[in-house]
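*Asks:*
Number of protein chains: 2
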Amino acid sequence: MNFLKNKDIKKYKKEYEYSYTLGVFPTLELIEKKKEQIIKIFISSKGIENEGIRKIEKIAKESKILIEENDKMINRLSNKNNTYAIGVFKKYRSKLEKDNHIVLVNPSDMGNFGTIARTALGFNIKNIAIISPGIDIFDPRAIRASMGAIFKLNIEYFKTFSEYNNRFQENEKYSFILDSELYLDQLERVENKFSLIFGNESSGLDEEYFKKISKGIKIRQSEEIDSLNLAISVGIAIYEFTKTI
Amino acid sequence: MNFLKNKDIKKYKKEYEYSYTLGVFPTLELIEKKKEQIIKIFISSKGIENEGIRKIEKIAKESKILIEENDKMINRLSNKNNTYAIGVFKKYRSKLEKDNHIVLVNPSDMGNFGTIARTALGFNIKNIAIISPGIDIFDPRAIRASMGAIFKLNIEYFKTFSEYNNRFQENEKYSFILDSELYLDQLERVENKFSLIFGNESSGLDEEYFKKISKGIKIRQSEEIDSLNLAISVGIAIYEFTKTI
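Following this line, the structure appears as structure tokens:
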């Protein structure tokens, strides 16, 4: 992989063993947290005045990371005209730690996922479980939406919720379900490690199943809307739960 | 305007006097709340099995709204293949009521704005001020991101923050500023009507100015991220403020 040739680097597909960051900010996060995974960094000739690019060049030199000015490559991998840096890296797997978790059941929107990842990090929740099928966290659009936050998180895929549940039985589990009795704003101090479980953007959670294996909880909302945006719900939930720690 | 001919209906530009909804859900919201503004509804032949389309047809017939199956028009106005309904309407102005407000200073992202509009509605905050320059709320992409919530809200543009401030002096003003002393999670019961003020996605608020004319407040966050996504910040803030009502 470290000898991946330029001609073999193509627009991302899920089955590839490598992916890449689009833009200066996520590339800096990649360098900071997953330096050992980097295959090569490409920078644009247009970024010559950019402070972030100077920083990337400096670190790359110090750390002996391959770096190359290559506008053709940038254009090949990015649709946007203003991408100044791309960091190509070998994909990796991470394992969840025993701690507080966000559990996303079949998340399907990359933008939402990226925002959730960044928000979780902002509240010091560093472990996210994804119950398959779900979005590909290494899709460059998901990485960009997270502003590179995914490199600072442990994100692990599970085939089923049971698989997750069996490994983390000790966590107190809360499922966000619209017809729950318990409102988030009535939450009492949570003493144990917790898992906050959220369903798919359109279909939500299988309420019957999740009510059995967890506490159902909901965010108070008016009847004017069907439901809150998923990332907003997760953000509000994380805010409330981490407040009680 | 009510006699706008099909050949004159074009892909949206800000300067047009009309705009349109893209999709069944926002079109239903348009019909529910701003029926009098509707010029014409177009539906797709592909939507024949769609329950929402049946509902739109029924209401249009009852209310004598022009409705037409026109795939060519749908393709002209929409980039997406799965748009089944488009509601063309005459733009309108609305005025803020004396109540709780969200104030967005120079918002620049349509997706964020749409999510904020829908979230505000979900917490019964029905008045949003936009300090110019800011996104065009009638851009079909903003309408879609709001899932049609904009039709249920009063959204008013102000040339400057002072113009807003002079008219709503009685509201207690809170500005979301990163280097404030007051944390949102320490907020005490708010007795008066409030205005929650948020800056632009990249540049934030002019901290010196807003600290003078309002209470600075911030959301507790880790140092791992620069700042939360704007829509997430607004969502968390609305949740906390409406909890204390």
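These protein sequence lines map, in sequence, to chains A and B. Under our numbering, residues 43 to 287 are what the first sequence spells out, in order. Under our numbering, residues 43 to 287 are what the second sequence spells out, in order. Every residue gets a Cβ at the ideal spot worked out from N, C-alpha and C, and that includes glycine.
Sort B:D221, B:N48, B:I177 by Cα distance to B:I109 and report the nearest one.
*Replies:* Comparing Cα positions, the closest option is B:N48.
*Asks:* Taking only the alpha-carbon atoms, compute the straight-line gap between B:L46 and B:K53 and give it to the nearest angstrom.
*Replies:* 14 Å
*Asks:* Report all residues from its chain with a CB closer than 6 Å to the CB of A:G156; omit the five preceding and five following residues, and keep chain order.
*Replies:* A184, A187, S188
*Asks:* Is the CB of B:Q263 under 8 Å away from at least one CB in chain A?
*Replies:* It does: the Cβ of B:Q263 has a partner Cβ on chain A nearer than 8 Å.
*Asks:* Quick check on the DSSP output: the alpha helix (DSSP H) that includes B:I101 runs from which residue to which?
*Replies:* Boundaries of the alpha helix (DSSP H) around B:I101: 93 to 104.
*Asks:* If we cut at 8 Å on Cβ distances, does B:L224 have a partner in chain A?
*Replies:* False, the Cβ-Cβ gap to chain A never drops below 8 Å.
*Asks:* On the premise that A:L72 lies in contact with A:F193, defined as a C-beta separation below 8 Å, what is that separation, rounded to the nearest angstrom?
*Replies:* 5 Å
*Asks:* Which residues in the same chain have their Cβ closer than 7 Å to the Cβ of A:Q263, if we skip the five residues on either side of it in sequence?
*Replies:* Result list for A:Q263: L270, in chain order.
*Asks:* Listed from N- to C-terminal order along the chain, which residues in the stretch 169 to 202 of chain B have their beta-carbon within a distance smaller than 7 Å of any beta-carbon of chain A?
*Replies:* A191, K194
*Asks:* Find out if the Cβ-Cβ distance for the pair A:Y62, A:K88 is shorter than 8 Å.
*Replies:* no
*Asks:* If I measure Cβ to Cβ from A:E223 and keep anything under 8 Å in the same chain, skipping five residues before and after, which residues do I get?
*Replies:* G258
*Asks:* For the pair the stretch 196 to 209 of chain B and the stretch 126 to 139 of chain B, tell me if three or more CB-CB distances fall below 8 Å.
*Replies:* yes
*Asks:* The stretch 274 to 285 of chain B: which residues have C-beta closer than 7 Å to a C-beta of chain A, in chain order?
*Replies:* I274, G277, I278, Y281, K285
*Asks:* If we ignore side chains and look at the alpha-carbon of each, how far apart do A:D181 and A:N148 end up?
*Replies:* 16 Å
*Asks:* Looking at B:K140 and B:K235, is the spacing between their C-beta atoms short of 8 Å?
*Replies:* yes
*Asks:* A:R96: buried (16+ other C-beta within 10 angstroms of its C-beta) or exposed?
*Replies:* A:R96 is exposed by the Cβ-count criterion.
*Asks:* Taking only beta-carbon atoms, is B:R231 less than 8 Å away from chain A?
*Replies:* no
*Asks:* Would you kindly work out how many angstroms separate the C-alpha atoms of B:I107 and B:N166, rounded to a whole number?
*Replies:* Straight through space, the alpha carbons of B:N166 and B:I107 are spaced by roughly 29 Å.
*Asks:* For chain B, check one thing: does any of its Cβ atoms lie closer than 8 Å to the Cβ of A:E91?
*Replies:* no
*Asks:* Please confirm whether A:A171 and A:A191 have their CB atoms less than 8 Å apart.
*Replies:* no
*Asks:* Does the beta carbon of A:N166 sit closer than 8 Å to a beta carbon anywhere in chain B?
*Replies:* Under the 8 Å criterion on CB atoms, A:N166 is classed as interfacial with respect to chain B.
*Asks:* Pull out every residue of the stretch 138 to 166 of chain B whose Cβ sits closer than 7 Å to any Cβ of chain A, in chain order.
*Replies:* T157, R160, T161, L163, G164, F165, N166
*Asks:* Helix, strand or coil: how does DSSP classify B:Y251 here?
*Replies:* helix
*Asks:* Chain B partners of A:D221, CB-CB under 7 Å?
*Replies:* Per Cβ cutoff of 7 Å: no residues; A:D221 is ~16 Å from chain B at best.
*Asks:* If you compare alpha carbons, which of A:S237, A:N124, A:E233 is closest to A:N208?
*Replies:* The shortest C-alpha separation from A:N208 is found at A:S237.
*Asks:* On a CA-only basis, which of A:I81, A:K77, A:S150 is nearest A:S244? Give me that one, please.
*Replies:* Considering only A:I81, A:K77, A:S150, the residue with the shortest C-alpha distance to A:S244 is A:S150.
*Asks:* How many angstroms separate the CA atom of A:I274 from the CA atom of A:N117?
*Replies:* 33 Å
*Asks:* Does the beta carbon of A:N213 sit closer than 8 Å to a beta carbon anywhere in chain B?
*Replies:* No, because no Cβ of chain B sits closer than 8 Å to the Cβ of A:N213.
*Asks:* Helix, strand or coil, according to DSSP, for A:V232 in the structure here?
*Replies:* coil
*Asks:* Whose CA, out of B:E266, B:G277, B:A102, lies closest to the CA of B:I239?
*Replies:* B:G277
*Asks:* Report the option in A:E99, A:N242, A:I81 whose CA atom is closest to the CA atom of A:I177.
*Replies:* A:N242
*Asks:* Which parts of the stretch 149 to 188 of chain B are runs of the beta strand (DSSP E), unbroken and 3 residues or longer, counting only runs that do not cross its ends?
*Replies:* 169 to 173
*Asks:* Chain B beta carbons: is any one of them nearer than 8 Å to that of A:L70?
*Replies:* no
*Asks:* So, helix, strand or coil for A:K215, using DSSP?
*Replies:* strand
*Asks:* Please list, in chain order, the residues of the stretch 230 to 252 of chain A that have any C-beta partner in chain B closer than 9 Å.
*Replies:* If the cut-off is 9 Å between Cβ atoms, the stretch 230 to 252 of chain A has nothing near chain B.
*Asks:* Bridge partners of B:I80, per DSSP?
*Replies:* B:F131
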